[in-house]
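Reminder that position 103 of the sequence shown reads as 103 in UniProt numbering, one-by-one numbering, no gaps.
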Amino acid sequence: MVGAWSILTGASRTLSLVAGFWCSSTVLVLPPYRFLVPSGELESAARNVEHVFFLKDYERLKGFRPEGVVVDVGAYLGFYSIRASRSSEIVVAVEANPLACRYLEVNLKLNSARNVKPLCSALDRVGGIRTFYVANRMINSSFLLDYVEDFSRLKVALRVPALTLKQLLEQLGMGEVDLLKVDVEGAEEEVLEGGRELFEQGVFKRVVVEIHPPYSTAKRVAELLGPRYRLLVLAEDSAPNQAFVYAERKA
Numbered sequence: 001m002v003g004a005w006s007i008l009t010g011a012s013r014t015l016s017l018v019a020g021f022w023c024s025s026t027v028l029v030l031p032p033y034r035f036l037v038p039s040g041e042l043e044s045a046a047r048n049v050e051h052v053f054f055l056k057d058y059e060r061l062k063g064f065r066p067e068g069v070v071v072d073v074g075a076y077l078g079f080y081s082i083r084a085s086r087s088s089e090i091v092v093a094v095e096a097n098p099l100a101c102r103y104l105e106v107n108l109k110l111n112s113a114r115n116v117k118p119l120c121s122a123l124d125r126v127g128g129i130r131t132f133y134v135a136n137r138m139i140n141s142s143f144l145l146d147y148v149e150d151f152s153r154l155k156v157a158l159r160v161p162a163l164t165l166k167q168l169l170e171q172l173g174m175g176e177v178d179l180l181k182v183d184v185e186g187a188e189e190e191v192l193e194g195g196r197e198l199f200e201q202g203v204f205k206r207v208v209v210e211i212h213p214p215y216s217t218a219k220r221v222a223e224l225l226g227p228r229y230r231l232l233v234l235a236e237d238s239a240p241n242q243a244f245v246y247a248e249r250k251a
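Set out below in structure tokens:
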């Protein structure tokens with residue numbers, strides 16, 4: 001027990017100063033999982049855990065349980081990636097926010113998720129360096145300043161590296177991917193645009209995208225995925241700025 005707590009304390013100290021601002025940490029426990037989260041992010045993190053582990057936002061449809069090769073774009077603090085690691089061969093966890101990515105890396109170690117490969121980078125329509133807007137509520141951080149200001153307030157703007165979806169798979173030497181999950185706070189269309197050739201080739205068996213109207217829409221996601229995929233959109237009146245697009249590759 002002493003050893004476990006010393007790991008958590010050390011992680012908290014290590015993460016105290018990242019991206020130019022101080023951040024204390026809290027342990028969120030959901031047996032058998034343990035997650036280190038920024039103390040100021042605890043409410044948002046707990047809500048995200050509820051949506052990943054209990055409501056299962058990204059696997060409401062049959063066949064969307066994470067298995068095989070999974071790419072998680074917008075991994076946040078690692079909740080979905082770690083859940084997926086229990087049933088998948090390999091998970092690639094992509095997170096643009098440098099602070100969130102540090103927590104992601106610690107949480108992978110805390111949960112012995114050795115089959116998850118973290119990547120601290122953004123995905124965009126083109127590769128290069130992008131401005132990323134970190135929100136006061138970190139879960140609302142985005143490439144889109146308007147989005148951040150709509151749902152939170154800006155804390156800091158950072159310059160972060162970006163790849164396209166195609167470049168990511170080439171870098172990892174991946175061919176077919178069993179499941180692609182995308183949730184990047186309004187910038188989902190930019191991520192998909194960077195992989196149009198892959199969708200034309202049917203590289204992804206299944207895709208689930210959390211969209212945030214009006215910043216990203218089901219119509220545009222359908223256009224980007226193209227005719228090789230059949231789609232179903234799940235939306236609720238109680239959440240007008242959120243919906244889920246489930247796509248499955250046609251036989």
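By construction, the Cβ of each residue, glycine as well, lies at the ideal position given by its N, Cα and C atoms.
Whose C-beta lies closer than 8 Å to the C-beta of residue i among residues of the same chain, with five residues either side of it excluded?
{"i": "Ile-129", "result": "Arg-159, Val-160, Pro-161, Ala-162"}
{"i": "Leu-198", "result": "Leu-165, Lys-166, Leu-169, Phe-204"}
Report all residues from its chain with a CB closer than 7 Å to the CB of residue i; omit the five preceding and five following residues, and keep chain order.
{"i": "Gly-186", "result": "Ser-142, Leu-144, Tyr-147, His-212, Tyr-215, Ser-216"}
{"i": "Leu-232", "result": "Leu-61, Tyr-246"}
{"i": "Val-52", "result": "Phe-79, Tyr-80, Arg-83"}
{"i": "Gly-218", "result": "Correcting the residue type first, residue 218 is Ala in the shown sequence and not Gly. The answer, listed in chain order, is Ile-211, Val-233, Ala-243, Val-245."}
Considering only residues of the same chain and omitting the five flanking positions on each side of residue i, which have a CB-CB separation below 6 Å?
{"i": "Phe-35", "result": "Leu-28, Asn-107"}
{"i": "Val-207", "result": "Leu-180, Ala-247"}
{"i": "Phe-151", "result": "Asn-140"}
From the DSSP output, in three-state form, read off residue i for me.
{"i": "Gly-128", "result": "strand"}
{"i": "Pro-38", "result": "strand"}
{"i": "residue 254", "result": "What is shown of the chain runs 1 to 251, which leaves residue 254 out entirely."}
{"i": "Pro-32", "result": "coil"}
{"i": "Val-177", "result": "strand"}
{"i": "Arg-47", "result": "helix"}
{"i": "Glu-185", "result": "coil"}
{"i": "Val-203", "result": "coil"}
{"i": "Leu-55", "result": "coil"}
{"i": "Ala-122", "result": "strand"}
{"i": "Ala-218", "result": "helix"}
Could you tell me the distance, in whole angstroms, from the CA atom of residue i to the CA atom of residue j?
{"i": "Glu-41", "j": "Ala-251", "result": "42 Å"}
{"i": "Val-209", "j": "Glu-188", "result": "7 Å"}
{"i": "Ser-39", "j": "Ser-25", "result": "5 Å"}
{"i": "Gly-173", "j": "Leu-77", "result": "25 Å"}
{"i": "Gly-127", "j": "Ala-239", "result": "32 Å"}
{"i": "Phe-21", "j": "Arg-47", "result": "Low local confidence applies: a pLDDT of 40 at Phe-21 is under 50, so the model's placement there is unreliable, with the coordinate-based value given in what follows. Rounded to the nearest angstrom, the two C-alpha atoms are 24 Å apart."}
{"i": "Cys-101", "j": "Val-73", "result": "12 Å"}
{"i": "Ile-7", "j": "Val-184", "result": "Per-residue confidence for Ile-7 stands at a pLDDT of 36, beneath the threshold of 50, marking its modelled position as unreliable; no derived number is given."}
{"i": "Val-49", "j": "Asp-124", "result": "26 Å"}
{"i": "Phe-64", "j": "Ser-87", "result": "12 Å"}
{"i": "Asp-57", "j": "Glu-43", "result": "18 Å"}
{"i": "Ala-75", "j": "Pro-66", "result": "14 Å"}
Is the beta carbon of residue i less than 8 Å from the beta carbon of residue j?
{"i": "Arg-228", "j": "Arg-196", "result": "no"}
{"i": "Lys-109", "j": "Val-92", "result": "no"}
{"i": "Lys-155", "j": "Leu-179", "result": "no"}
{"i": "Ala-113", "j": "Ile-82", "result": "yes"}
{"i": "Val-177", "j": "Val-203", "result": "yes"}
{"i": "Val-134", "j": "Leu-165", "result": "no"}
{"i": "residue 284", "j": "Ala-235", "result": "Outside the displayed span of the chain (1 to 251) sits residue 284, for which this structure offers no information."}
{"i": "Asn-115", "j": "Tyr-33", "result": "no"}
{"i": "Leu-225", "j": "Glu-193", "result": "no"}
{"i": "Ala-96", "j": "Ser-121", "result": "yes"}
{"i": "Leu-104", "j": "Met-138", "result": "no"}
Could you tell me the boundaries of the beta strand (DSSP E) in which residue i lies?
{"i": "Ile-90", "result": "88-94"}
{"i": "Pro-161", "result": "154-163"}
{"i": "Val-71", "result": "68-73"}
{"i": "Phe-244", "result": "243-249"}
{"i": "Gln-118", "result": "Contrary to the premise, residue 118 reads as Pro rather than Gln in this sequence. That run of the beta strand (DSSP E) goes 116-119."}
Which two residues bound the contiguous alpha helix (DSSP H) that contains residue i?
{"i": "Tyr-229", "result": "Here Tyr-229 belongs to no alpha helix (DSSP H); instead the beta strand (DSSP E) covers 229-235."}
{"i": "Ile-82", "result": "79-85"}
{"i": "residue 297", "result": "Given that the chain is displayed from residue 1 to residue 251, the structure contains no residue 297 and the question cannot be resolved."}
{"i": "Leu-145", "result": "145-151"}
Is residue i close to chain B? Criterion is C-beta to C-beta, closer than 8 Å.
{"i": "Arg-159", "result": "No chain B is present in this structure, which holds just one protein chain."}
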